[in-house]
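Right, one structure below, let's go through it.
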Amino acid sequence: MSEHVTVVLPDGSTMEVEHGATVEDVAYGIGPGLGRDTVAGLVDGDLVDKVTPLTEDCEIEIVTEDSDVYRQVLRHTGAHVFAQALQRTHPEAKLAIGPPTDDGFYYDVTGVDLDEETLAAVEAEMEAIVAADYDLERVERPREEALDIYEDNPYKRDILEREAAGEDPVSFYVQDGWQDLCEGPHVDSTGAIGAITLLEQSAAYWRGDEENDQLTRVYGTAFGSEEELAAFIERREEAEERDHRKIGREMDLFSVPAHSPGCAHYHPNGMRIRRELQEYIRDKNDDLGYEEVCTPELNKAKLWEPTGHLEAFKEEGEMFAWEQDDTEYGLKPMNCANHAHIYDEGQHSYRDLPVRFSEFGTVYRNEQSGELSGLLRVRGLTQDDGHAFIRRDQIESEITETLRIIEEIYDLFDLEVLYKLETKGDNAVGDDDIWREATQGLRNSMEALGLEYSVEAGEAAFYGPKIGLDARDALGREWTIGTVQLDFNIPERLDLTYVGEDNQPHRPVMVHRALLGSFERFMGVIIEHFKGNFPTWLAPEQVRILPVSDDNIGYAKRLKNRDLSEFRVTIEDRSWTVGKKIQQSHDDRVPYMLIVGDDEAETGTVSVRDRFENQLADLDVETFRAQLDTEVQQKRVEPTIVRNG
RNA sequence: GCCUGGGUAGCUUAGCGGUAAAGCGCGUCCUUGGUAAGGACGAGACCCCGGAUUCAAAUUCCGGCCUAGGCUCCA
Numbered sequence: 000m001s002e003h004v005t006v007v008l009p010d011g012s013t014m015e016v017e018h019g020a021t022v023e024d025v026a027y028g029i030g031p032g033l034g035r036d037t038v039a040g041l042v043d044g045d046l047v048d049k050v051t052p053l054t055e056d057c058e059i060e061i062v063t064e065d066s067d068v069y070r071q072v073l074r075h076t077g078a079h080v081f082a083q084a085l086q087r088t089h090p091e092a093k094l095a096i097g098p099p100t101d102d103g104f105y106y107d108v109t110g111v112d113l114d115e116e117t118l119a120a121v122e123a124e125m126e127a128i129v130a131a132d133y134d135l136e137r138v139e140r141p142r143e144e145a146l147d148i149y150e151d152n153p154y155k156r157d158i159l160e161r162e163a164a165g166e167d168p169v170s171f172y173v174q175d176g177w178q179d180l181c182e183g184p185h186v187d188s189t190g191a192i193g194a195i196t197l198l199e200q201s202a203a204y205w206r207g208d209e210e211n212d213q214l215t216r217v218y219g220t221a222f223g224s225e226e227e228l229a230a231f232i233e234r235r236e237e238a239e240e241r242d243h244r245k246i247g248r249e250m251d252l253f254s255v256p257a258h259s260p261g262c263a264h265y266h267p268n269g270m271r272i273r274r275e276l277q278e279y280i281r282d283k284n285d286d287l288g289y290e291e292v293c294t295p296e297l298n299k300a301k302l303w304e305p306t307g308h309l310e311a312f313k314e315e316g317e318m319f320a321w322e323q324d325d326t327e328y329g330l331k332p333m334n335c336a337n338h339a340h341i342y343d344e345g346q347h348s349y350r351d352l353p354v355r356f357s358e359f360g361t362v363y364r365n366e367q368s369g370e371l372s373g374l375l376r377v378r379g380l381t382q383d384d385g386h387a388f389i390r391r392d393q394i395e396s397e398i399t400e401t402l403r404i405i406e407e408i409y410d411l412f413d414l415e416v417l418y419k420l421e422t423k424g425d426n427a428v429g430d431d432d433i434w435r436e437a438t439q440g441l442r443n444s445m446e447a448l449g450l451e452y453s454v455e456a457g458e459a460a461f462y463g464p465k466i467g468l469d470a471r472d473a474l475g476r477e478w479t480i481g482t483v484q485l486d487f488n489i490p491e492r493l494d495l496t497y498v499g500e501d502n503q504p505h506r507p508v509m510v511h512r513a514l515l516g517s518f519e520r521f522m523g524v525i526i527e528h529f530k531g532n533f534p535t536w537l538a539p540e541q542v543r544i545l546p547v548s549d550d551n552i553g554y555a556k557r558l559k560n561r562d563l564s565e566f567r568v569t570i571e572d573r574s575w576t577v578g579k580k581i582q583q584s585h586d587d588r589v590p591y592m593l594i595v596g597d598d599e600a601e602t603g604t605v606s607v608r609d610r611f612e613n614q615l616a617d618l619d620v621e622t623f624r625a626q627l628d629t630e631v632q633q634k635r636v637e638p639t640i641v642r643n644g
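When we follow numbering that gives the first Met the number 0, the leftmost residue of the first sequence carries the number 0, and every step to the right adds one.
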């Protein structure tokens with residue numbers, strides 16, 4: 000073993016340090032300031048304690064308090080603080096696993112009943128531990144000793160068997176005599192935590208497997224300072240403000256009543272938005288060469304037998320199916336079988352392909368009750384679905400054109416989406432050859448369009464590779480909306496064919512695609528995205544006229560019925576003050592308010608105000624109408640009518 | 001489906017063994033207002049449903065339904 004090791008720093012420079020020198024030593028070698036600020040290190044990409052000795056050549060990055068990585072370290076220590084507090088107050092509690100997460104940490108525990116009161120007591124104890132500022136010390140113990148310590152704890156023993164397989168000795172972190180098996184790293188002392196709190200709890204399964212023991216997962220978070228925690232809490236409260244369920248109620252868009260769990264009822268305001276979306280998507284489907292069809296929700300269950308879906312769905316209990324007159328019926332969980340039927344009704348030449356069918360298809364899926372969530376996860380949904388039957392040599396062009404339109408759509412809504420390519424998994428059908436070809440086709444299409452995407456290896460459906468578009472909700476959760484999928488399974492299983500140039504039957508490839516996904520989920524996403532401030536073309540109410548006094552209602556009616564008849568306009572004729580009418584219109588997120596009094600009536604103008612700022616413009620009616628028309632026709636997100644001096 | 005919360009007027013919530021309260025909204029009236037909440041009066045509640053305990057239950061207990069967050073799931 001050499002006396003020195005060579006470390007490579009992030010800027011590419013190298014440094015020689017003594018064998019066994021620590022991460023902290025390297026930092027001090029760079030500069031005393033950095034040395035003092037060092038809290039941990041990234042060695043060849045692995046997060047380690049600052050006192051970790053370096054025994055071989057490596058790349059190293061110093062982690063300081065300013066970095067996200069540090070926050071992870073701090074929160075990991077937070078998890079230990081919770082665990083110690085829990086065992087102080089409930090010595091019988093068994094610990095399983097307690098990692099940091101993006102937003103904080105959790106610890107899976109068992110052997111205790113935790114209600115709000117006991118958690119409050121634990122939280123108080125946590126604060127005491129932080130205040131006491133105990134040092135954290137890394138201690139190596141022989142493997143045998145660790146197994147002894149956890150004689151009664153199957154979870155820690157499992158960790159020793161798996162994560163720490165073959166390691167001897169194994170590391171513990173000790174604070175105030177309390178210890179936990181842990182790889183680290185951690186901050187120096189519990190006092191480094193400036194603010195710590197518990198957030199919620201839930202059930203979790205050991206190793207995430209429903210078959211395993213159920214544990215109690217307690218979530219918390221920790222920050223370097225109270226201010227950061229306060230900012231975090233504020234962000235959560237802001238997220239609540241944009242919750243689509245709250246806005247949906249406030250704007251009277253939809254409801255999901257107890258008599259149909261998971262099935263949204265669109266109120267008139269919500270239906271106006273949905274209709275605009277439908278018309279928009281119809282245009283896009285026309286552009287893509289789709290023919291609109293309509294297929295029934297009610298089918299014999301036999302329909303889904305040859306495709307293999309019936310078996311799969313029934314196993315999961317995800318299909319609504321029942322027996323009637325000795326025959327099994329079901330509500331369709333997807334539209335593809337029906338569309339394949341329409342394809343199969345006719346004969347198709349290679350010249351006719353692609354053959355494309357679109358449908359606003361309403362499907363029902365028996366999602367688990369605990370999974371339902373407003374419009375984002377529902378049991379009844381209407382997809383802007385479409386299926387294209389294409390030749391193998393058409394894959395790339397078909398996908399490229401579809402993605403081009405999809406990109407255009409998401410640009411229009413100013414929505415940031417994550418493109419994900421899901422590739423072949425273990426359960427795949429079809430030969431490797433076609434999978435490779437199809438996956439490459441999807442890649443080529445995305446690259447041709449310059450789209451950034453991530454690859455989720457092995458995540459594809461069994462029938463073909465898939466591109467999913469994920470959007471985030473107010474809480475940062477990801478939801479798949481649009482999707483483009485290739486399918487080799489259904490054409491095979493249903494024996495779909497077209498006649499080739501050689502006058503022989505050939506197998507088409509099927510493309511499943513949804514541009515918005517479903518109207519339900521897409522609306523949920525854009526409600527949160529726009530915080531209810533829909534672009535004018537989508538807004539249920541586009542203009543509200545506020546007469547200054549009742550004498551001006553006549554002028555308001557003329558505006559609504561004659562000048563602005565092509566828009567969605569209402570008149571606020573309640574006997575309120577102008578200030579109150581403005582307040583209410585802001586609360587209702589109406590894009591434009593027109594304040595009209597005697598002055599405006601005389602000159603044929605309107606005093607315009609938008610919902611975002613105290614923006615004022617006095618415009619003659621025709622100018623306002625023309626500008627509003629442009630904004631609506633172009634489906635603009637930003638208001639076009641601005642202050643005029 | 002599982003764990004922990006929650007379900008009280010149209011909405012948001014307070015009350016938590018002694019017969020239901022506030023703000024907003026709604027109705028009537030006064031006010032006719034000029035750019036972010038004018039005033040008065042009034043109507044409105046099987047306190048989620050079913051059982052149990054009690055002289056007495058919105059309140060305690062048991063069961064169910066719905067709902068929130070998370071877990072599992074998402075063809």
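The beta-carbon is built from N, C-alpha and C at its ideal position, and this holds for glycine as well. This structure is a prediction, so every number in the text was calculated from the model and none was measured.
Among the residues of its own chain, which have a CB less than 6 Å from the CB of residue i, if the five just before and after it don't count?
i	result
M0	Since pLDDT at M0 reaches only 48, below the 50 mark, its modelled position is unreliable, and the value read off the structure follows with that caveat. Here the set comprises nothing.
T399	S444 and A447
E580	Looking at the sequence itself, residue 580 is Lys, so the reference to Glu does not match. These residues qualify, in order along the chain: L545 and E571.
Rounded to the nearest angstrom, what separates residue i and residue j at their Cα positions?
i	j	result
V607	D617	6 Å
Q626	E315	53 Å
R403	D151	58 Å
V121	V129	12 Å
R390	M509	9 Å
G523	I272	12 Å
T25	P31	The sequence shown places Val at residue 25, rather than the Thr named in the question. Cα to Cα, V25 sits roughly 10 Å from P31.
D392	L228	56 Å
Y81	E115	This sequence places Phe at residue 81; Tyr is not what is there. Approximately 15 Å between the Cα atoms of the pair.
L302	H386	17 Å
K155	S357	53 Å
M318	S259	16 Å
Taking 8 Å as the threshold (C-beta atoms), are residue j and residue i in contact?
i	j	result
A20	L53	yes
H243	T76	no
M14	G28	yes
W536	E225	no
N560	D597	no
L252	H266	yes
E327	A320	yes
L493	T294	no
F566	V595	no
A460	G481	no
E540	T569	yes
R520	L374	yes
V428	Y462	yes
I405	L485	no
G531	R588	yes
What residue from the options has the CA that sits closest to residue i's CA?
i	options	result
P464	K419, T479 and E491	K419
Y106	C181, E209, L485 and G247	C181
L545	L214, L593, A311 and H338	L593
P507	R520, L515 and F487	F487
G360	R281, W434, G345 and V7	R281
L515	L414, D212, D383 and L146	D383
M270	T220, N613 and F518	F518
R376	P490, G261, Q323 and R435	G261
E599	G553, N613 and R610	G553
Grab me the residues of residue i's own chain with a C-beta within less than 8 Å of its C-beta, minus the 5 sequence neighbours each way, in chain order.
i	result
V47	V22, A39, G40, L41, G183 and P184
G644	Unreliable placement is indicated for G644, whose pLDDT of 40 sits below 50; the coordinate value is still reported in the next sentence. No residues qualify anywhere along the chain.
Quick one: residues in its chain with C-beta nearer than 7 Å to the C-beta of residue i, no 5 flanking neighbours on either side, listed in chain order?
i	result
N502	none
T496	P504, H505 and R506
A84	V121, E124, M125 and I128
L411	K634
Given 8 Å, three or more beta-carbon pairs between the region 323 to 339 and the region 367 to 375: no
For the region 186 to 193 against the region 125 to 140, do three or more pairs of beta-carbon atoms, one drawn from each stretch, fall closer than 8 Å, so that the two count as touching? yes
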